[in-house]
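**Student:** When we follow the numbering used here, the leftmost residue of the sequence shown carries the number 175, and every step to the right adds one. Input: one structure, supplied below.
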Amino acid sequence: MIEELLIKYWGFSSFRPNQREIILSVINGHDSLVQLPTGGGKSICYQLPALAKSGVCLVFSPLIALMKDQVDQLKKIGISSIAIHSGLTANELGVEMQNIVNEKYKLVYLSPERGSSQLFRSYLKQINISFFVVDEAHCVSQWGHQFRPEFLKIGELRALSPDSNLIALTATANRDVKNDIVKYLHLQSNYKSFLSSFCRPNLSYIVINDNNNFHKLLDILFKVKGSTIIYVNTRKKASEISNLLNKNKISACYYHAGLDMRQRDAIQSKWIKNEERVIVCTNAFGMGIDKPDVRLVVHFDTPSSPEAYYQEAGRAGRDGLKSHCILLANSNTKILSHQFPKIEQIKHFLNCLYNYHQIAFTAGKGISYKFDLSEFTNNFDIPIHLALNSLNIINSLGYIKNENIHHQNKIKIQINHEDLYSYQVKNEHLDSIIKMLLRTYVGLFDNYIPIQIGFLSDRLNCSITELKIALNKLNADGIIDYIPKSSNNTITYLKSRPTIVNIDTKLYSQLKNQSEYRERYIEDYVKNTSICREKFLLKYFEEISQKNCGNCDICRSLNKKIKLTSHNKTLIAEIKELTLNNKINLKEIISRFDAYEGHEIIANIQWLLENSYLIKINNKYSWNEK
């Protein structure tokens, strides 16, 4: 049955390693802790069981963008799903909660804050829950990347549905984090653990030091063909490098959070369809993207942490074919660039943030506000790098949640069919618009439906401005609830404003130490000249590899550095002479050299093969004239 679902909805004929076992564990009602590397196929591990089991699957996810990406992808393959987040209006929320109770959706994505609300808990008892999912489960732990207090409350929800099992998924978690996941999510004592290796044998990790990174980038792109991602640390640099690549006849586009949703969707679509070879982007790109044939990922700037590097580099070669992950460095590279603000600076920043949104003492909890970083830093004379770092820290400390919320144009008809007809008769100038909406979109009486303003204006032969005026009129008359398209950077306050801001010094020290450790590790990774790159990365994730990958720049360099004594230099010259114009098997080669031990001959032949001096075809060796 599960194989049939896999083929029907995802078009795959077989499961990836561990997927089948995880899916069966969830279907059979076991709590499960799953650690799969980036690109390991985590989503199918709960999405498929959600189809196989009766009821509604509740998925807790930390990011609105990730939830929306997942829902969009599920809808494309015909699986009913919805994202419940702070971007929904009160009316939308009421409608969708009733739809969830009525089991209109198989999967419901929601933020931990929404799950802990009293409104949601009141509905929870009415929902037939198949099982719970906690994505990015490392957030449950204060040792995780983004500490969010509401994650700790997810385990409490299980008491309201005690027969529902839970699956916790993460790509990165050390021993302490795993223990916290088990503890705070109240995993059953007999829970199943699925921990996969971080090893990606098809990836080649390379660090290149060059004082002219763009020149080196061009050289790489001319040598390595195929779909490419280039990560940079600023929006400006993304557009600049993209333009330079196009001038050098390499098709490229750029992507960052400063572009509107329509632009980002169009750019992403062109790259996925291979209409553009290269996408130059900030770390805003990649979430929810599963393009299997990425042959090359280049970090033009040094990443902030091993986690970030592993996840971003891991977007290469998801089809299992050989791919390259290259990090460019130079003598001017600043590794430890993410300065950790002092406690007093954080306190000052937070107080400025409260004042910016005019939040009174003991108020603000649970309220979301628009946030313009440029306006804020100008108003309070705070350096932008300090503001960004402070914003990340107070997010991690559990004071706020900072996200980009994107609204599509959406409408829902608020009155019944009879009243709508009466309105059309009395308002003939709006009749054509109402009819067009009813003909074009299904379900307007029951749900909030996304509409395409440009498409409708073309069909109605009117301007976009005229159409928006009409929609606003219908909204003002109570005929529809119209939600215009918008894109806002928002801050949601998770705590009321205190009279005195106190920073948890213990947690602050933990975050600071973590940050410094991650930066040092990246610095050591870049400077490393002796340890296999993959082995170096795996160690960070507490996975000890006994063998070198053989693909990275370090392994290749070590192979080439085999010391050749005068003795084996002579032997290699003789092997070359023997195989230059002949194809000869190993037994014959050994028989020609009485002066050498068999193991010595074999060792030198192996080195010649690894470095492409010899070619082996049908068990016969010949010299590679290159």
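Even for Gly, the Cβ is constructed at its ideal location relative to N, Cα and C.
#1: Straight-line CA distance for N785 to I696?
#2: Can you give me the start and stop residues for the alpha helix (DSSP H) that T263 sits inside?
#3: So, under 8 Å CB-CB, V468 and G491 are touching, yes? Tell me the CB distance rounded to an integer number of Å.
#4: At a cut of 8 Å, does the segment 411-425 reach the segment 521-538 through at least three beta carbon pairs?
#5: Judging by CA-CA distance, which residue of A257, E708, G252 is the nearest neighbour of V233?
#6: Hey, I608 and Y615: beta-carbon distance below 8 Å or not?
#7: Do I674 and I517 have their CB atoms nearer than 8 Å?
#8: DSSP puts P624 in a beta bridge; with which residues?
#9: Between which residues of its own chain and L782 is the CB-CB distance below 6 Å, once the five residues before and five after are set aside?
#10: What would DSSP say about K659, mapped onto helix, strand or coil?
#11: With DSSP as the reference, please indicate the residues paired to W797 in a beta bridge.
#12: Classify R295: buried if its beta carbon has 16 or more other beta carbons within 10 angstroms, exposed otherwise.
#13: If you follow the beta strand (DSSP E) that R374 is in, where does it begin and where does it stop?
#14: Measuring alpha carbon to alpha carbon, tell me which of I589, L326, V230 ends up nearest N302.
#15: Is the Cβ-Cβ distance between E330 and P286 less than 8 Å?
#16: Is P223 closer than 8 Å to I251 when the C-beta atoms are compared?
#17: What is the DSSP secondary structure of A537, counted as helix, strand or coil?
#18: Buried or exposed for E177, please, with buried defined as at least 16 other CB atoms from any protein chain shown within 10 angstroms of its CB.
#19: Can you list, in chain order, the residues of its chain whose CB lies under 6 Å from that of L210, leaving out five sequence neighbours each side?
#20: If you drop the 5 nearest sequence neighbours on each side, which residues of the same chain put their C-beta closer than 8 Å to that of K334?
#21: Compare the C-alpha of K575 against each of L524, R694, K227, V599 and name the closest.
#22: Buried or exposed for N778, please, with buried defined as at least 16 other CB atoms from any protein chain shown within 10 angstroms of its CB.
#23: Which value, in whole angstroms, describes the spacing of the CA atoms of Y573 and L668?
#24: Buried or exposed, going by whether 16 or more other CB atoms sit within 10 Å of the CB of Q780?
#25: Classify V308 as buried or exposed, calling it buried when 16 or more other Cβ atoms lie within 10 Å of its own Cβ.
#26: Determine the burial state of F710: buried for a count of at least 16 other Cβ atoms within 10 Å of its Cβ, exposed for fewer.
#27: Under 8 Å: do the segment 407-414 and the segment 448-465 share three or more Cβ pairs, one atom per stretch?
#28: For my contact list, F514 and K686 are in at a C-beta cut-off of 8 Å; report their separation, rounded to the angstrom.
#29: From Q582 to R451, what distance separates their C-alpha atoms?
#30: Mapping DSSP to helix, strand and coil, what is S416?
#31: Decide if P557 is buried, meaning its Cβ has at least 16 other Cβ atoms within 10 Å, or exposed.
#32: Using only the alpha-carbon positions, how far apart do H603 and L326 sit?
#33: Cβ of A482 within 8 Å of Cβ of V471?
#34: Here's the rule I'm using: 16 or more other beta-carbon atoms within 10 Å means buried, otherwise exposed. How should F550 be labelled?
#35: Looking at C-alpha atoms only, which residue of L547, A644, N621, L501 is the closest neighbour of S631?
#36: Going by CA-CA distance only, name the one from F372, D434, L359, P477 that's closest to V406.
**Tutor:** Short version:
#1: When rounded, the distance between both Cα atoms is 29 Å.
#2: No alpha helix (DSSP H) contains T263, which DSSP labels as neither H nor E.
#3: 7 Å
#4: no
#5: A257
#6: No, the Cβ-Cβ distance between I608 and Y615 is not below 8 Å.
#7: no
#8: K584
#9: Excluding positions up to five away in sequence, the list reads L788.
#10: coil
#11: L788
#12: exposed
#13: It is not in any beta strand (DSSP E) - R374 carries neither H nor E in the DSSP assignment.
#14: V230
#15: In this structure, P286 does not lie closer than 8 Å to E330 by Cβ.
#16: no
#17: coil
#18: exposed
#19: K216, S370
#20: Contrary to the premise, residue 334 reads as Leu rather than Lys in this sequence. Correct list, in chain order: R295, L298, K299.
#21: L524
#22: By the neighbour-count rule (16 or more Cβ atoms within 10 Å), N778 is buried.
#23: 5 Å
#24: exposed
#25: If you draw a 10 Å sphere on the C-beta of V308, you find 16 or more other C-beta atoms in it, and that means buried.
#26: buried
#27: Below 8 Å, enough C-beta pairs join the segment 407-414 and the segment 448-465 to call them touching: three or more.
#28: 5 Å
#29: Straight-line spacing of the CA atoms in Q582 and R451 works out to 29 Å.
#30: helix
#31: exposed
#32: 54 Å
#33: No, these two residues do not count as a Cβ contact at 8 Å.
#34: buried
#35: A644
#36: P477
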